[in-house]
Amino acid sequence: MKKHLLLLTFLFISFGIQSQVLIALLLGDKLNTGNIEFGLDGGFNYASISGLDTNNKLSEFNIGFYFDIKIKEPWYLNTGILMKSTLGVDDLSVDDLEFLNTTIYLDQNGEVIEGDYSQKMNYFLLPVLAKYKFKSNLYAEAGLQFGWMYKSWVQFDSNIDGNSARIKENNKDVINWFDMGIAAGAGYRLLNGYGWTLGIRYYYGFMDVYKDKSGTKNSSLFLKLNIPIGVSDDMKEKAEKQKAIIQERKLKRKEDKKI
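If you count the sequence shown from 1, position 193 lands on 803 in our numbering, and the numbers rise without skipping.
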């Protein structure tokens, strides 16, 4: 019963994300205040699962939204949700496939078809991180991240003599639906602290990925790009003041050179 209630909650959140992103694009400034910043969170992650024979990283695109909530300068709470995020591992070995009881594809002669097998799992990822913003526009963050797995499959990709094939075999029933762990990262805010943010975040899960195999933990390195949607009047005012200070310093340098 609890599992179903949590699933409904995550589903409502996921369906609401699309509308919130559209609202953000339309309303812009109205969603950002001096104490809360809202924006899009996207990038690439390089994931793996410990405890398997393979350790090749799976590279996938992810996207969602974020909130930076001011607690007390320079401390913030960073949260949000990645609505499209894939964890897993690439290049599964024969031992891994046997453990997963996955089909190994053969040709007409009974020979194994060359190709790549990967484990892929779609998650809703929810970070809850303490974020410290430095005056240099750098930041550091650390905290917990929670995940809800809603789709999982082993994917076989093959390309022989120009003929490509992709087969997906669902294996959601062997995966634990809930994941949580620790996350930490750092980044830099462009345009004097009022533009896009480039960052990196590492995640390591505490929960076993597979129900029947202990020691199988998710881990992933996220390369992030945060794009604020709109700028509040407070942020605009700060940006104008910063711009005026920079111009004033430039003029002073020119005057000093003349002297």
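Even for Gly, the Cβ is constructed at its ideal location relative to N, Cα and C. Source: prediction; values computed, not measured.
- Taking a cut-off of 8 Å for Cβ pairs, the stretch 645 to 664 and the stretch 830 to 841 touch, as three or more such pairs fall below it.
- According to DSSP, residue pairing for Ser830 in a beta bridge involves Ala657 and Tyr813.
- In this structure, Asp701 is the residue among Asp701, Met693 and Asn645 with its C-alpha nearest to the C-alpha of Leu662.
- From the listed residues Glu670, Asn719 and Phe648, the smallest Cα separation to Ser830 is found for Glu670.
- Cβ atoms of Ile839 and Gly649 come within 8 Å of each other, at about 5 Å.
- In the DSSP assignment, Asp726 falls within the unbroken beta strand (DSSP E) covering Asp726 to Lys743.
- For Glu751, the enclosing beta strand (DSSP E) starts and ends at Leu748 to Ile770.
- Looking at the backbone, the Cα of Leu716 and that of Tyr813 are separated by about 37 Å.
- Asn645 sits in coil when the DSSP states are folded into three classes, being neither helix nor strand.
- Taking C-beta atoms under 8 Å as the contact rule, Asn688 and Glu751 qualify, at a distance of about 6 Å.
- By the beta-carbon neighbour count (other beta carbons within 10 angstroms, threshold 16), Asn802 is exposed.
- Minimum Cα-Cα distance from Tyr727 among the listed residues Ala740, Asp705 and Leu736 corresponds to Asp705.
- Under the criterion of beta carbons closer than 8 Å, Ile691 and Leu739 do not qualify as touching, at roughly 13 Å.
- Under a 10 Å Cβ-count criterion, Asp822 is classified as exposed, with fewer than 16 other Cβ atoms of the shown protein chains found around its own Cβ.
- For Glu724, the closest C-alpha among the options Met790, Asp789, Ser774 and Phe816 is that of Ser774.
- Assignment of beta strand (DSSP E) within the stretch 660 to 715, counting only whole runs of 3 or more residues, yields 668 to 682 and 685 to 699 in chain order.
- If you draw a straight line from the Cα of Ala854 to the Cα of Lys860, it is about 10 Å long.
- The alpha-carbon of Trp763 is positioned some 42 Å away from that of Pro684.
- Between the beta-carbon of Asn645 and that of Ile679 there is about 7 Å, and that keeps the pair under the 8 Å contact cut.
- Spanning the alpha carbons of Asn828 and Met693 requires a straight line of approximately 17 Å.
- At the C-beta level, Gly757 and Tyr733 come within 8 Å of one another.
- Of the other Cβ atoms in all chains shown, fewer than 16 fall within 10 Å of the Cβ of Thr713; this residue is therefore exposed.
- Among the bridge pairs identified by DSSP, Gly791 is matched with Gln755 and Gly815.
- Going by DSSP, Asn802 is part of the alpha helix (DSSP H) stretching over Leu800 to Gly803.
- In the same chain as Ala796, and ignoring 5 residues on each side of it, the C-beta atoms closer than 6 Å to its own belong to Ala750, in chain order.
- The Cβ-Cβ distance between Ala793 and Gly753 falls below 8 Å.
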